[in-house]
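Residue 6 is where the sequence shown starts when you use the working numbering, and the numbers rise one by one after that. For each residue, glycine too, the CB sits at the ideal point set by N, CA and C.
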Amino acid sequence: MNKSFVFKVERGSLEFEAILSTGENVKLTILESNTNQIQEIERNKESLSSLEMTKKHLSENLKGERAQEFIDDLMENGSLADFYTAINEQFRAIKGAKRKN
6 MNKSFVFKVE RGSLEFEAIL STGENVKLTI LESNTNQIQE IERNKESLSS
56 LEMTKKHLSE NLKGERAQEF IDDLMENGSL ADFYTAINEQ FRAIKGAKRK
106 N
């Protein structure tokens, strides 16, 4: 008996609101890292500074009118570790909810 199913290829994304150091709110969308980006990070981790790789990664994955302003503010005034921890927790929660359905 042949069974078929549909597999939808889609990249995970997360919409969030950020408060800049100026107190302004911005709405942004971050895309989940794709395999090519992860491989690029692994290949270049010796040659590029981690700061350069982080900026490149954020620039590729953050969408919104003021995405670059958010990146600059995060690098200057925020905690990258806290940002990535929060984003990763949200992606894990979304994936967990999808598995339950």
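Taking the alpha helix (DSSP H) that residue i belongs to, which residues open and close that run?
| i | result |
| --- | --- |
| Leu85 | Leu85 to Lys105 |
| Leu25 | Where Leu25 is concerned, there is no enclosing alpha helix (DSSP H), given that its DSSP letter is neither H nor E. |
| Glu70 | Note, Glu70: premise wrong, no alpha helix (DSSP H); not H, not E. |
| Arg48 | Thr40 to Asn49 |
In this structure, does DSSP put residue i in helix, strand or coil?
| i | result |
| --- | --- |
| Asn30 | strand |
Tell me which same chain residues have a C-beta within less than 7 Å of the C-beta of residue i, skipping the five on either side of it?
| i | result |
| --- | --- |
| Ile92 | Leu19 and Ile35 |
Leaving out the 5 sequence neighbours to the left and right, which residues in its chain are closer than 8 Å to residue i when beta-carbon positions are compared?
| i | result |
| --- | --- |
| Glu22 | Asn30, Val31, Lys32 and Leu33 |
Could you give the C-beta distance for residue i and residue j, rounded to a whole number, given that I count them as a contact under 8 Å?
| i | j | result |
| --- | --- | --- |
| Phe96 | Glu37 | 6 Å |
| Gln42 | Glu15 | Rounded, the Cβ-Cβ distance is 16 Å, inconsistent with contact. |
Beta-carbon within less than 6 Å of residue i's beta-carbon, same chain only, minus the 5 sequence neighbours each way: which residues are those?
| i | result |
| --- | --- |
| Ala86 | none |
Following a CB-centred definition, is residue i positioned closer than 7 Å to any heavy atom of the ligand GTP?
| i | result |
| --- | --- |
| Phe21 | In the structure shown, the ligand GTP is absent, as is every other ligand, since no ligand is present at all. |
Based on the DSSP output, what are the partners of residue i in its beta bridges?
| i | result |
| --- | --- |
| Ile35 | Leu19 and Leu67 |
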